[in-house]
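Here is the structure we will look at, set down as structure tokens.
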Amino acid sequence: SLNNGFKHVGKIE
Amino acid sequence: DERQGFASAYDEYQKEGKCSNAWIAKSTLGFKGKDIKVSDSATKLLAFIDSLKGRWVVQKYIENPMLVDGRKFDIRTWHLVTAHDPQALQVYTFDEGVLRVSSKPYKNSDFDDDFMHITNNAIQQDHPDYGKNEQDNLIDFAQFDHVLKLHHQRKKGKGGELGKEDEKDNGPMTVRGNVLPRINEIVMETLRCIKDFLLPQPCGAYQMLGYDFVITDKGDLQLLEVNLTPGTSTTLVGKMVADMNEIAVDAAFPDP
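Top to bottom, those sequences are chains A and B. Be aware that the first sequence starts at 49, since it is given in my numbering, and climbs by one per residue. Be aware that the second sequence starts at 4, since it is given in my numbering, and climbs by one per residue.
Right, here's the structure in full:
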């Protein structure tokens, strides 16, 4: 959700 | 052997003579501030390393940390890494963090004094002034912005870094404008370094990581270490665990 404190910052593959 | 590597690096710094040449050695098995030694003596550090069971790390000690109210602090942030796709890691940063402040004013000396140099809560809570300046010696990100503002004003006032004509005054750094973006770069860099060890992951695997940083009086962020079983603060733990479950667990079990 938008309220989630964990913000996506990147992807590693 | 790596002891020799340390000894040569120590000698290099000694020749430059720019700082007091303190280093920090720690056991990779250590936690709660145990098995850590700061010293400017290579002999003492090598003896300490030899006394440790298991593996160790020795790093240049950051001798010019930014201070709050004259005291040293480090920055703890939390990151979630998930592998819903076994071939890729998704990386998340929790948008609140804490500064862990020491109980005793900082000096670039007396390296044996853990209360001055080691900001771990487990160490600081034994000091008589623990909790006197801020609750649990912790500062949140909103107050960190205030610390950055004060730091900026002090630098400007002194005619130090910002007094030089060739340096533009871009105003104080902010947590969300400067600090967190840099932290995210460092986090991504560390994970990219070990990507070949991490991938592929079992489907649905996830891990919370605690990163510790020091910010220097010039505003540079320095990574100290990455913790696999990070503690959190009592005010943040509830939301953090709920939010972690939403991303790492709920997402793997969508509503029917």
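Cβ coordinates follow ideal geometry from the N, Cα and C atoms, glycine included.
Under 8 Å between C-beta atoms, does B/Asp246 make it to chain A?
With respect to chain A, the C-beta atom of B/Asp246 has a partner C-beta closer than 8 Å.
For B/Val190, go through chain A and note every residue whose CB falls closer than 9 Å to its CB, in chain order.
By Cβ distance, chain A contributes Val57 and Gly58.
Since B/Glu66 contacts B/Ala91 with CB under 8 Å, what's their CB separation in whole angstroms?
Incorrect: roughly 39 Å between the Cβ atoms, too far for contact.
Counting only beta-carbon atoms, is A/Leu50 nearer than 8 Å to chain B?
A/Leu50 does not count as touching chain B.
Assigned exposure category for A/His56 - 16 Cβ within 10 Å defines buried:
In summary, A/His56 is exposed, with fewer than 16 beta-carbon neighbours lying within 10 Å of its beta-carbon over all protein chains present.
Tell me the DSSP secondary structure of B/Asp169 in three-state form.
Below a pLDDT of 50, predicted positions are generally treated as unreliable, and B/Asp169, at 49, falls in that range; no measurement from the model is reported.
Within 10 Å of its beta-carbon, does B/Thr219 have 16 or more other beta-carbons around it, so buried, or fewer, so exposed?
That one is exposed.
Under 8 Å from the C-beta of B/Thr96: neighbouring residues of chain A:
Chain order gives the chain A residues near B/Thr96 as Phe54, Lys55 and Val57, where near means a beta carbon separation below 8 Å.
Using a C-beta to C-beta distance shorter than 9 Å, which residues of chain A count as neighbours of B/Leu102?
Per Cβ cutoff of 9 Å: no residues; B/Leu102 is ~17 Å from chain A at best.
For B/Val150 versus B/Val217, is the C-beta distance shorter than 8 Å?
Against a cut-off of 8 Å, the Cβ pair of B/Val217 and B/Val150 comes out as no contact.
Whole angstroms is fine: what's the gap from B/Lys63's alpha carbon to B/Gly213's?
Computed Cα separation, rounded: 21 Å.
As a quick exercise: from B/Asp38, B/Asp88 and B/Val104, pick the residue whose alpha carbon is nearest that of B/Lys135.
Residue B/Val104 is the option with its Cα nearest to B/Lys135.
Scan the region 85-146 of chain B and note each continuous beta strand (DSSP E) run of 3 residues or more that stays entirely inside, going in chain order.
Every beta strand (DSSP E) stretch that sits fully inside the region 85-146 of chain B and reaches 3 residues is listed by chain position as 92-97, 101-104 and 141-143.
Going along the chain, which residues of its own chain have a beta-carbon closer than 7 Å to the beta-carbon of B/Phe147, five neighbours each way excluded?
Within the same chain, B/Phe147 has close Cβ partners Leu102 and Val178.
Does at least one heavy atom of the ligand FMN sit under 7 Å from the Cβ of B/Ala91?
No copy of the ligand FMN appears in this structure; indeed no ligand is present at all.
Give me the chain A residues within the contact set of B/Leu92, using Cβ-Cβ distance strictly less than 8 Å, ordered along the chain.
Identification of chain A residues near B/Leu92 by a Cβ-Cβ cut-off of 8 Å yields Lys59, Ile60 and Glu61, ordered along the chain.
Cβ-based burial, B/Val252 [other Cβ within 10 Å; buried from 16]:
With fewer than 16 Cβ atoms within 10 Å of its Cβ, B/Val252 is classed as exposed.
Taking the alpha helix (DSSP H) that B/Val240 belongs to, which residues open and close that run?
Membership of B/Val240 in the alpha helix (DSSP H) is indicated by the continuous run Val240 to Ala251.
Spell out the partners DSSP gives B/Phe9 in its beta bridges.
Per DSSP, none; premise fails for B/Phe9.
Per DSSP, which one or two residues make a beta bridge with A/Lys58?
Note on identity: in this sequence residue 58 of chain A is Gly, with Lys being the wrong assignment. Among the bridge pairs identified by DSSP, A/Gly58 is matched with B/Val94.
Coil, strand or helix - B/Met191 by DSSP:
DSSP, reduced to helix, strand and coil, places B/Met191 within a helical segment of the structure shown.
Would B/Asn187 pass as an interface residue toward chain A - the criterion being a Cβ-Cβ separation below 8 Å?
Taking Cβ atoms only, chain A reaches closer than 8 Å to B/Asn187, which makes this a yes.
Is it right to say B/Ala267 is buried, meaning 16 or more other beta carbons lie within 10 angstroms of its own, or is it exposed?
Residue 267 of chain B is absent from the structure shown; chain B starts at 4 and stops at 259.
Interface flag, B/Leu231 vs chain A, CB-CB below 8 Å:
No, B/Leu231 does not count as interfacial toward chain A.
Taking CB distances under 8 Å as the criterion, tell me whether B/Arg179 reaches chain A.
So, not an interface residue.
So which residues on chain A does B/Arg195 lean against when the C-beta distance must stay under 7 Å?
Within chain A, the residues whose beta carbon sits less than 7 Å from that of B/Arg195 are Ile60, listed in sequence order.
Apply the 10 Å Cβ neighbour rule to B/Pro175 and answer buried if 16 or more other Cβ atoms are within range, or exposed otherwise.
By the neighbour-count rule (16 or more Cβ atoms within 10 Å), B/Pro175 is buried.
In whole angstroms, give me the CA-to-CA distance for B/Asn187 and B/Pro259.
Approximately 35 Å, taken between the alpha carbons.
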